[in-house]
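Undergrad: A single structure is presented below for examination.
Number of protein chains: 2
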Amino acid sequence: MNDAYARLQARFTRIATLGEASAVLGWDSATMMPAGGGAARGDQLAVLAGLSHEMLTAPAMADDLDAAQPPADPWHEANLGLMRHAHRRATAVPADLVEAQSRANAACEQVWRGARANADFAAVRPQLTEVVKLVREQAAALSPALNLSPYDALMDGYQRGIGAQDVAPIFADYAKFLHEALPRAEEMQARRGDAIPPEGPFPPAATEALCRRLSRAAGLEDAHSRLDRSTHPFCGGTPTDVRITTRYYEHDFAPSVMGVLHETGHALYERGLPQSFARQPVGEAAGMAAHESQSLIVEMQACRSDAYLGWLGGQLLQTYGGAADRYAPENLGRLTRHIARGFIRVDADEMTYPAHVILRFQLEQALIAGDLAVADLPGAWNDGLQALLGITPPDDAKGVLQDIHWYDGAIGYFPSYTLGAMAAAQLMAAARKAAPGLDAALAQGDLSVLVGWLRTNVHAKGSLLGFNDLLLAATGKPLDPTDFLAHIQARYLTA
Amino acid sequence: MNDAYARLQARFTRIATLGEASAVLGWDSATMMPAGGGAARGDQLAVLAGLSHEMLTAPAMADDLDAAQPPADPWHEANLGLMRHAHRRATAVPADLVEAQSRANAACEQVWRGARANADFAAVRPQLTEVVKLVREQAAALSPALNLSPYDALMDGYQRGIGAQDVAPIFADYAKFLHEALPRAEEMQARRGDAIPPEGPFPPAATEALCRRLSRAAGLEDAHSRLDRSTHPFCGGTPTDVRITTRYYEHDFAPSVMGVLHETGHALYERGLPQSFARQPVGEAAGMAAHESQSLIVEMQACRSDAYLGWLGGQLLQTYGGAADRYAPENLGRLTRHIARGFIRVDADEMTYPAHVILRFQLEQALIAGDLAVADLPGAWNDGLQALLGITPPDDAKGVLQDIHWYDGAIGYFPSYTLGAMAAAQLMAAARKAAPGLDAALAQGDLSVLVGWLRTNVHAKGSLLGFNDLLLAATGKPLDPTDFLAHIQARYLTA
């Protein structure tokens, strides 16, 4: 190891530490901050982001990246590679384009809120046109620097190690499968009959206490985490101080309980990252799809399994009282594993969710390629959803306006959701094979067998490997939708 | 105005914005953070402090400070003066001394916690000796740069515009006054008889809701503030997002209620700072003594007045129920204005509090002058307290070990408490003269007359004036203890 590499480590530690400060401030904005603090908070986050960017693009950084010789060790070699990658991304985009995007995204997001409320796409069309134009410029600038196609260069910002060419055939196959399988699944569901809805009210304080217990039982330690309330559930904070949030409803416990288990999956990933590479690029989570695989393996694979629901029913009955049959395993299964063709992605079940992602993946590729104009987006959206799910949104609020992502300049992110869901199924299959006691433990509400396996095979790997290589090392194959299909088959297509 | 001054304004805005980020992170540490986040938080705050220090001492900063020409306006001229002053303070102390102090203070504070728990001064003597040695070096470095005596150079770090020579005669007179007046006050108090203690329990949630109402009624807006819980009450956050804290006791409401009113005074000061100079040195609060004057004018002058207590009694009765005579004005007065010779500064009443400060002022001046060795500190403490209040602590935990300040390297801060108390009385007398409806409003729980006057005469002045000049402009005279003595006379020495 030479001095240049040591200096780089120190600088990246500093950048990551600033990132931690921003993460805590971001959490505070969403959970604690009085409204009047918003403008100042925006300035605080902008100054921190500006300083990080200055450090990352400083001339001394470039010199050291050229001269660096890490110890002959795959971790340090990967670390230097990620440092160079981050520097390449940061320097490829001209400063005035970064600024223009920041302004355009903020302006568009602002207008979008009103446009969505009024189901009025035309109101935000000019702003979205500008945002898309600038993202295309960004993609064009990143593409040669990263030696990736423009769209893949955007995807790379969210998930390294997988591109549109890997994803497209998998998504196409799933669309085909869904076309045939969804009617069958609906028919079987109809034959099983509806769930008996549990009787509320579900006092938020009781649900919150239950969520804390469930999260703790899943392995999240009080000394290193918090559970708070926010409008949109998220996992934030830092690896030694993870902050998860949810919201509570008097009339329903399920979204809060399943939401907290989902965020607990994210939090456990952060908690399990390799401490010896803390604050180094290689010590970070492997990307957004990898992160989503960890939330979904906990929420969808483990906690919506028959085994776990059997245990959870007892906890629910103890928390809320009432008729016991509401919380019996079969009823809980019908309740938490109900499929439905819907317009809204965030409300979708796991079988139809990929259709929402596939639609966005198709449209955003076309937008970046210049094959689709923003003005044609609502029509393309409605046609696409009709083709995928056989339904058409009654208005654009339930269609093209529903998600913030594009209006905030985030293009290339959507595939991560479904890649995460498929990876979760693939990892679960491998974990079940490697650790036969896994389901017996889930039936006791105990996730430690699963989480122990994930810690070794995913969490502790940090960013050593890209998405496909991480799956290869953990499961013996790169991303393979077979396990997800088998999971859907077993859960929704088996009598 | 030239470019150099414009660049300075931008840089100081950035430094202040980083300071805001640190303030929110500091608040979070004390209120929200799980214990396991402590180490990372320390790193985050250290990185932010390091970046601020780098910006403040950068060569370009020195060049611009030399070349700057502000607009011909007292605010901008004062702003440039304060920029130069901050730069002078930051560059006067060598970086290795700053680092040595940071390490020594942290180590000493750590050992002090155990030493205080065991009432064992000898355990922390080596660490305190090192801390004092380094503070003396710091004072020696600051002294020529600021053209102040070494002790005044330390005081200047907490409160600009007043020095030991101004303070010493005022403190000496008060010590003499107390010697004669305290026995008289005690005798009168004994003659009045004890307060009937209100019956608890006082449910923390009820007290918290009451505190919120009182703070709001005093003028602190929900949109720009929060009230939370912490072990040690404080006011933190930023001017548009002020965060106050307190703690609650089942057996007593008074410390929480009076504590929140105290912190509300601090918070109102921050809220009233001049927005047109936000994030500039001249837009900040005028110093620690000025800040304490604002907390004490609300807590001690306004909210322990007969007028306010008359109104508060109704609020308490409504909150807790029980026998009404407990919350009658005279009983509340006896309860919240009880004087007692005690060992502990933070528990002291307003009449004996200055004795605790005078003791520390004498001892820390002697420490910095080299006239008192750390080894002789416990004896000097006990002798001093005996001379001032006629009592001797049973052990060092109730004596020299009670306060964190010295063990954390804070020397020159203690006078601010009593300067604030005296300034509060002086400002209250001036406000009463200028706004005759002030007490009638207090009798309705309405602080707006007082706060309105303070906003114009103190808050909106920011750091335009030093401590004595601020008082001169607001009250027609520099710090003058006459009003404080008259206040003590009226409240404790009048039948």
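The listed protein sequences correspond, in order, to chains Y and H. Quick note, in my numbering, the first sequence goes up one by one and the last residue is 528. Quick note, in my numbering, the second sequence goes up one by one and the last residue is 528. The beta-carbon is built from N, C-alpha and C at its ideal position, and this holds for glycine as well. Quick caveat, the model's predicted, so the values are computed rather than measured.
Is any beta-carbon of chain H found at less than 8 Å from that of serine 182 (chain Y)?
TA: Position 149 of the first sequence, counted from the start, is the residue given in the question as residue 182 (chain Y). So no, serine 182 (chain Y) is outside the interface.
Undergrad: Residue ranges of each beta strand (DSSP E) run of no fewer than 3 residues wholly in the stretch 255-300 of chain H, ordered along the chain?
TA: If we require 3 residues or more, the beta strand (DSSP E) runs fully inside the stretch 255-300 of chain H come out as 258-262, 268-271 and 274-279.
Undergrad: Apply the 10 Å Cβ neighbour rule to alanine 251 (chain H) and answer buried if 16 or more other Cβ atoms are within range, or exposed otherwise.
TA: Position 218 of the second sequence holds residue 251 (chain H). Looking at its Cβ environment, which holds 16 or more other Cβ atoms inside 10 Å, alanine 251 (chain H) is buried.
Undergrad: Taking just the CA atoms, how far does alanine 357 (chain H) sit from histidine 299 (chain H)?
TA: By one-based count along the second sequence, residue 299 (chain H) stands at place 266. By one-based count along the second sequence, residue 357 (chain H) stands at place 324. Whole-angstrom Cα-Cα distance: 32 Å.
Undergrad: Closer than 7 Å between beta carbons: that is the criterion. Which residues of the stretch 54-68 of chain H meet it against chain Y?
TA: So the close ones are Ala54, Val57, Leu58, Asp61, Met65, Met66, Pro67 and Ala68.
Undergrad: According to DSSP, is glutamine 192 (chain H) helix, strand or coil?
TA: Indexing the second sequence from 1 puts residue 192 (chain H) at position 159. Looking at glutamine 192 (chain H) - three-state DSSP - the assignment turns out to be strand.
Undergrad: For the alpha helix (DSSP H) holding tyrosine 446 (chain Y), just list the boundary residues, first then last.
TA: Position 413 of the first sequence, counted from the first residue, corresponds to residue 446 (chain Y). Premise fails: tyrosine 446 (chain Y) is in no alpha helix (DSSP H) and is neither H nor E.
Undergrad: Against chain H, with Cβ distances strictly below 8 Å, would serine 135 (chain Y) count as a contact?
TA: Indexing the first sequence from 1 puts residue 135 (chain Y) at position 102. Answer no: the Cβ-Cβ gap between serine 135 (chain Y) and chain H never drops below 8 Å.
Undergrad: Anything in chain H within Cβ reach of alanine 72 (chain Y), meaning under 8 Å, just list it in chain order.
TA: Position 39 of the first sequence holds residue 72 (chain Y). The answer, in chain order, is Thr273.
Undergrad: Can you grab the Cα-Cα spacing for the pair leucine 400 (chain Y) / glutamate 132 (chain Y), in whole Å?
TA: Here the question's residue 400 (chain Y) lines up with position 367 in the first sequence. Here the question's residue 132 (chain Y) lines up with position 99 in the first sequence. One C-alpha to the other measures close to 22 Å.
Undergrad: Looking at the unbroken alpha helix (DSSP H) that takes in glutamate 332 (chain Y), where does it start and where does it end?
TA: Residue numbering aside, residue 332 (chain Y) sits at position 299 when the first sequence is read from its first letter. No alpha helix (DSSP H) holds glutamate 332 (chain Y); DSSP gives it neither H nor E.
Undergrad: If I measure Cβ to Cβ from leucine 505 (chain H) and keep anything under 6 Å in the same chain, skipping five residues before and after, which residues do I get?
TA: Reading the second sequence from its first residue, position 472 is the one you call residue 505 (chain H). So the list reads Pro511, once near-sequence residues are dropped.
Undergrad: For glycine 226 (chain H), which three-state DSSP category applies?
TA: Residue numbering aside, residue 226 (chain H) sits at position 193 when the second sequence is read from its first letter. It is coil, neither helix nor strand.
Undergrad: Does chain Y have any CB closer than 8 Å to the CB of threonine 50 (chain H)?
TA: Stepping through the second sequence from its first residue, residue 50 (chain H) is reached at position 17. Judged by the 8 Å Cβ criterion, threonine 50 (chain H) is in contact with chain Y.
Undergrad: On the CB-based measure, 16 or more other CB atoms within 10 Å of its CB, does histidine 265 (chain H) come out buried or exposed?
TA: One-based indexing of the second sequence puts residue 265 (chain H) at position 232. With fewer than 16 Cβ atoms within 10 Å of its Cβ, histidine 265 (chain H) is classed as exposed.
Undergrad: So, using beta-carbon positions, are proline 448 (chain H) and valine 390 (chain H) closer together than 8 Å?
TA: Position 415 of the second sequence, counted from the first residue, corresponds to residue 448 (chain H). Position 357 of the second sequence, counted from the first residue, corresponds to residue 390 (chain H). Going by C-beta atoms, proline 448 (chain H) is nearer than 8 Å to valine 390 (chain H).
Undergrad: Taking its Cβ as the centre, do 16 or more other Cβ atoms sit within 10 Å of histidine 520 (chain Y), making it buried, or is it exposed?
TA: By 1-based counting over the first sequence, the position of residue 520 (chain Y) is 487. Label assigned to histidine 520 (chain Y): buried.
Undergrad: Going by DSSP, which residues form a beta bridge with glycine 320 (chain H)?
TA: Sequence index remark: in the second sequence, residue 320 (chain H) carries index 287 (1-based). The partner list for glycine 320 (chain H) (beta bridge, DSSP) reads H:Gln192.
Undergrad: Which value, in whole angstroms, describes the spacing of the CA atoms of leucine 410 (chain Y) and glutamine 522 (chain Y)?
TA: Within the first sequence, residue 410 (chain Y) is the residue found at index 377, counting from 1. Within the first sequence, residue 522 (chain Y) is the residue found at index 489, counting from 1. Straight-line Cα distance between these residues: approximately 33 Å.
Undergrad: How would you list, in chain order, the residues of chain H whose beta-carbon sits under 7 Å from the beta-carbon of leucine 84 (chain Y)?
TA: Here residue 84 (chain Y) is taken as the residue at index 51 of the first sequence, counted from 1. Under the 7 Å cutoff, chain H gives Leu84.
Undergrad: Output needed for glycine 442 (chain H): all residues of its chain with C-beta closer than 8 Å, excluding positions within five of it in sequence on either side, in chain order.
TA: Along the second sequence, read from residue 1 onward, the residue named residue 442 (chain H) stands at position 409. Cβ within range, chain order: Gln134, Ala137, Asn138, Cys141, Val164, Leu167 and Val168.
Undergrad: First and last residue of the alpha helix (DSSP H) that includes glycine 17 (chain H)?
TA: Residue numbering for chain H in the displayed model covers 34 to 528; residue 17 (chain H) lies beyond these limits and cannot be assessed.
Undergrad: Does the structure place the stretch 238-247 of chain H close enough to the stretch 286-304 of chain H that three or more beta carbon pairs sit under 8 Å?
TA: At 8 Å Cβ cutoff, the stretches touch.
Undergrad: Is it the case that the stretch 116-123 of chain H contacts the stretch 60-69 of chain H, given that we only count it when at least three CB pairs across the two stretches are under 8 Å?
TA: The stretch 60-69 of chain H, when compared against the stretch 116-123 of chain H, does not touch it at the 8 Å Cβ threshold.
Undergrad: Taking only three categories from DSSP, how would you classify phenylalanine 376 (chain Y)?
TA: Along the first sequence, read from residue 1 onward, the residue named residue 376 (chain Y) stands at position 343. Three-state result, phenylalanine 376 (chain Y): coil.
Undergrad: I need the straight-line Cα distance from threonine 46 (chain H) to glutamine 313 (chain H), nearest angstrom please.
TA: As a working note, residue 46 (chain H) is residue 13 in the second sequence. As a working note, residue 313 (chain H) is residue 280 in the second sequence. If you take the alpha carbons of threonine 46 (chain H) and glutamine 313 (chain H), they lie about 6 Å apart.
Undergrad: In the DSSP assignment, find the unbroken alpha helix (DSSP H) run with aspartate 502 (chain H) in it and report its ends.
TA: Here residue 502 (chain H) refers to the residue found at position 469 when the second sequence is read from its first residue. First-last of the alpha helix (DSSP H) with aspartate 502 (chain H): 500-508.
Undergrad: In chain Y, which residues lie less than 7 Å from leucine 81 (chain H) when you measure between Cβ atoms?
TA: Here the question's residue 81 (chain H) lines up with position 48 in the second sequence. Those are Ala54, listed as they occur along chain Y.
Undergrad: Quick check on histidine 257 (chain H) - is its C-beta less than 8 Å from some C-beta in chain Y?
TA: Here residue 257 (chain H) refers to the residue found at position 224 of the second sequence. Closer than 8 Å: yes.
Undergrad: Candidates H:His438, H:Pro272, H:Ala420 and H:Ala402: which alpha carbon is nearest histidine 492 (chain H)'s?
TA: Counting from 1 along the second sequence, the entry for residue 492 (chain H) is found at position 459. Histidine 492 (chain H) has its Cα closest to that of H:Pro272, out of H:His438, H:Pro272, H:Ala420 and H:Ala402.
Undergrad: Quick check: what's the CA-CA separation for methionine 188 (chain Y) versus glycine 194 (chain H)?
TA: Locating residue 188 (chain Y) in the first sequence gives position 155, where the first residue counts as 1. Locating residue 194 (chain H) in the second sequence gives position 161, where the first residue counts as 1. One C-alpha to the other measures close to 58 Å.
Undergrad: Pick out the complete alpha helix (DSSP H) segments inside the stretch 363-426 of chain Y, 4 residues or longer, and give them in chain order.
TA: The qualifying runs are 386-402 and 410-422.
Undergrad: By the 9 Å beta-carbon criterion, what residues does the stretch 449-467 of chain H contribute toward chain Y?
TA: Flagged: no residues at all.
Undergrad: Leaving aside the five residues before and after alanine 49 (chain Y) along the sequence, list all residues of the same chain whose C-beta is less than 6 Å from its C-beta, in chain order.
TA: Numbered from 1 along the first sequence, position 16 holds the residue referred to as residue 49 (chain Y). Excluding residues within five positions, the ones whose Cβ falls inside 6 Å are Arg312.
Undergrad: According to DSSP, is phenylalanine 235 (chain H) part of a helix, a strand, or is it coil?
TA: Position 202 of the second sequence, counted from the first residue, corresponds to residue 235 (chain H). Note: phenylalanine 235 (chain H) maps to coil in three-state DSSP.
Undergrad: Going by DSSP in three states, histidine 438 (chain Y) sits in which element: helix, strand or coil?
TA: On the first sequence, position 405 is the one that residue 438 (chain Y) refers to. Reduced to three states, the DSSP call for histidine 438 (chain Y) is coil.
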